[in-house]
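K.L.:
Chains A and B, in that order, are what the protein sequence lines are.
Heads up: the first sequence runs through residues 14 to 360, numbered per the working numbering.
Heads up: the second sequence runs through residues 81 to 165, numbered per the working numbering.
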Amino acid sequence: MTALALRDFDGDLQALARLAYLSWPLTFGDATYPDLHHPALLAHTLAEAAPGSLIGAYTGAELVGFLALLPRRYHLGEAEWNGVYMCLQAAHPDHAGVAAYLLAEAYRRMRPADADLALGIAHRLSTVPVYFARLTQMLPMRRLGVMQLCVRAIDFGQLMQAEALPGWQQIGLRLLRAPRLPTASPLHVRPYRPADLPAIAQHFQRRRSPRQLVRAYTPDALAARLHTPGISGTLVYEEAGSVGGFLNYTLLDMLNPRGRWPWVWVDFLGWEGLGLRPRLALLDGLTLQAQQDGRIAIAVWPQRPGDALPLLLRRHAPLPRPEDIFALPLNPTLSLHPVNSVFEHLI
Amino acid sequence: MIPPRPDITSFADFQTLLGQVLHLPAAALTPDAYFIADLGLDSLRLIELVLWFHRQGFDSSLDQLAAVQTVGDAYELMLRERAES
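(1) Just checking my contact of A/Arg147 with B/Ile127 at CB under 8 Å: how many whole Å lie between their CB atoms?
(2) Whole angstroms is fine: what's the gap from A/Ile184's alpha carbon to A/Trp276's?
(3) Tell me which residue opens and which closes the beta strand (DSSP E) that B/Phe138 is part of.
(4) Below 8 Å on the Cβ atoms is my contact criterion, and I expect A/Leu324 with A/Leu295 to pass it. Report the Cβ-Cβ distance as a whole number of Å.
(5) Is it the case that the Cβ atoms of A/Ala321 and A/Ala166 are separated by a distance below 9 Å?
(6) Is the CB-CB distance between A/His57 and A/Tyr34 below 9 Å?
(7) I want to verify the contact list: residues of chain A whose CB lies under 7 Å from the CB of B/Ser165, in sequence order.
(8) Does DSSP put A/Val159 in a helix, in a strand, or in coil?
(9) Let's see if you can read the secondary structure: which residues bound the alpha helix (DSSP H) around A/Pro52?
(10) Can you tell me where the beta strand (DSSP E) with A/Tyr87 in it begins and where it stops?
(11) Threshold first: 4 residues or longer. Then list the alpha helix (DSSP H) segments lying entirely within the stretch 261-328 of chain A, N to C.
(12) Residues in its own chain within less than 7 Å of B/Pro84 by CB, not counting five upstream and five downstream?
(13) Would you kindly report the start and end of the unbroken beta strand (DSSP E) that includes A/Ser354?
(14) Decide yes or no for the touch test of the stretch 214-224 of chain A against the stretch 242-250 of chain A: beta carbon pairs closer than 8 Å, at least 3 of them.
(15) Output, in chain order, the set of chain A residues within a Cβ distance shorter than 7 Å of B/Gln100.
(16) Given that a residue counts as buried once 16 or more other Cβ atoms are within 10 Å of its Cβ, and exposed if not, what is B/Leu145?
(17) Under a three-way DSSP split, which group does A/Ser139 fall into?
(18) Does the Cβ-Cβ distance between A/Ala109 and B/Ser123 come in under 9 Å?
(19) Please classify A/Arg20: is it buried, with 16 or more other beta-carbons within 10 angstroms of its beta-carbon, or exposed?
(20) CA-CA distance, A/Leu332 and A/Cys163?
(21) Would you decide whether A/Pro291 is buried or exposed? Buried here means 16 or more other CB atoms lie within 10 Å of its CB.
(22) When DSSP labels each residue in this structure, what does A/Gly258 get in the three-state scheme?
(23) Tell me whether B/Met158 is buried or exposed, calling it buried when 16 or more other Cβ atoms sit within 10 Å of its Cβ.
(24) Using only CA atoms, which one of A/Leu152, A/Cys100, A/Trp37 lies nearest to A/Pro106?
(25) Which residues of the stretch 102-126 of chain B have a Cβ closer than 7 Å to any Cβ of chain A? Give them in chain order.
(26) Could you spell out the range, first to last residue, of the beta strand (DSSP E) harbouring A/Gln102?
(27) Check the Cβ of B/Leu56 against every Cβ in chain A and list those closer than 7 Å, keeping chain order.
(28) Distance cutoff 9 Å, beta carbons only. Does B/Met81 sit that close to anything in chain A?
(29) Report yes or no: is there a C-beta of chain A within less than 9 Å of the C-beta of B/Thr95?
(30) Taking its Cβ as the centre, do 16 or more other Cβ atoms sit within 10 Å of A/Arg23, making it buried, or is it exposed?
(31) Taking Cβ positions, are B/Leu142 and A/Leu152 nearer each other than 9 Å?
(32) Note down, in chain order, every chain B residue with its Cβ under 8 Å from the Cβ of A/His105.
(33) In the DSSP output, which residue or residues are listed as bridge partners for A/Pro211?
(34) List, in order along the chain, the chain B residues whose C-beta lies closer than 9 Å to that of A/Leu17?
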């Protein structure tokens, strides 16, 4: 029998995509999951990887497990911390226990790597939250909160075909279906320009709070997040010639056994300073763009209570696929007890 | 409160105890049996194994899991941790 070797990922993105294709249907069931057969998307996602931050589990030369530990920095109040964002975990169905080995190897690598905390999300309906919960018996892991997905249908028929939703959910979405989609670009809403970068960086600074972990981007990383052609984009609401608010998104093809479906996933709602109408304008601008781009739906993770009203008014309905946000403090001086949310690009 | 460590004086004792932890027949737990490939343990049961080590007071158990792939590896780890504690 061949032993399992845990070592640095060899960079074979095709092998990673194949592994995800085998692994994720077991995690997500009938729900869709991101299509990693997209080298540009994977390269964008893993661009911040540092040496030793991509773990591959191999039997011989075959990749049977993967976990990314992306180095990131977070603000909590006025303090800044070194973080590790754990994501893209995949385990071959014939090697189901690999996930525990990946986690153990991640822990072994993170402890001496000057990380103050590790962060990750787990699909509530998978077994991952269960074994994270068990680990709280020996590690100071905390569930920071739960994220509930809100979806607006652009192509209702295709969305129903893509997501095997229970009957009550279909009825709810049907009732909330927008009578018509916007036909003209809303006033003051425009695509991101590189000159907007400092204002949006300022916005991240203003989000600092003792109750929220806020991603601290380098200017280059933020610029890539805000605009990478074919991958990510941003709409800006302009007020008096400056950035009043923004909405950042990723273009994702979602997969399941029934097919591949183009979605838009909103990662950051940067609209605290805006009133209701400008917020609706940003959502309308994105809806129009998504429609023109042939996307079937827009997904949003609402981040604050104030996000709910504009989303509801623009017919975003909750979808039953909650994700738990977990954190593991590695620095004993860091307390995550006040934290109940994150402002982060969650993968 | 850490429970008292069980009295393990031989590999056979370890097999018996591990069988109880993993809900597997002790006879299947040969030294060269791989936890995943031979015994079919999933992540939840491997975490149970780690927690069992932790309950014995071995605080490096999660770090060590990556190197513990067979029943024999687990036995060696237990002996090593005992010698160091």
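We treat Cβ as the ideally placed atom computed from N, Cα and C, and that holds for glycine.
Treat the numbers as computed from the prediction; the structure is a model and nothing was measured.
P.N.:
Let's see:
(1) 5 Å
(2) 21 Å
(3) Premise fails: B/Phe138 is in no beta strand (DSSP E) and is neither H nor E.
(4) Between A/Leu295 and A/Leu324 the Cβ distance is about 11 Å, and since that is not below 8 Å, they are no contact.
(5) no
(6) Taking 9 Å as the Cβ cut-off, A/His57 and A/Tyr34 do not qualify as a contacting pair.
(7) None at all; the shortest Cβ gap to chain A is about 16 Å.
(8) strand
(9) 52-58
(10) 75-89
(11) 289-305, 321-326
(12) Confidence is the limiting factor: at B/Pro84 the pLDDT is only 47, short of 50, which leaves the residue's position unreliable and the question unanswerable from this model.
(13) 354-356
(14) Cβ pair count under 8 Å is below three, so no.
(15) Here the premise fails: no neighbours, minimum Cβ distance about 18 Å.
(16) With a 10 Å radius around the Cβ and a threshold of 16 neighbouring Cβ atoms, B/Leu145 comes out buried.
(17) coil
(18) yes
(19) The residue in question, A/Arg20, is exposed, as its Cβ has fewer than 16 Cβ neighbours within 10 Å.
(20) 6 Å
(21) Buried.
(22) strand
(23) Buried: at least 16 other Cβ atoms inside 10 Å.
(24) A/Trp37
(25) Tyr114, Phe115, Ile116, Ala117, Asp118, Leu121, Asp122, Ser123, Leu124, Leu126
(26) 92-104
(27) What is shown of chain B runs 81 to 165, which leaves residue 56 of chain B out entirely.
(28) Per-residue confidence for B/Met81 stands at a pLDDT of 40, beneath the threshold of 50, marking its modelled position as unreliable; the derived number appears in the next sentence. Cβ-Cβ to chain A under 9 Å: no for B/Met81.
(29) Going by the sequence as given, residue 95 of chain B is Gln instead of Thr. By this cut-off, B/Gln95 is not an interface position.
(30) First, the residue type needs correcting, since residue 23 of chain A is Asp and not Arg in the sequence shown. Under this definition A/Asp23 is an exposed residue.
(31) Contact flag set, yes.
(32) Within 8 Å Cβ-Cβ: nothing; A/His105 doesn't reach chain B, min ~10 Å.
(33) Beta-bridge pairing links A/Pro211 to no other residue.
(34) Tyr114, Ile116, Ala117, Ala146, Gln149
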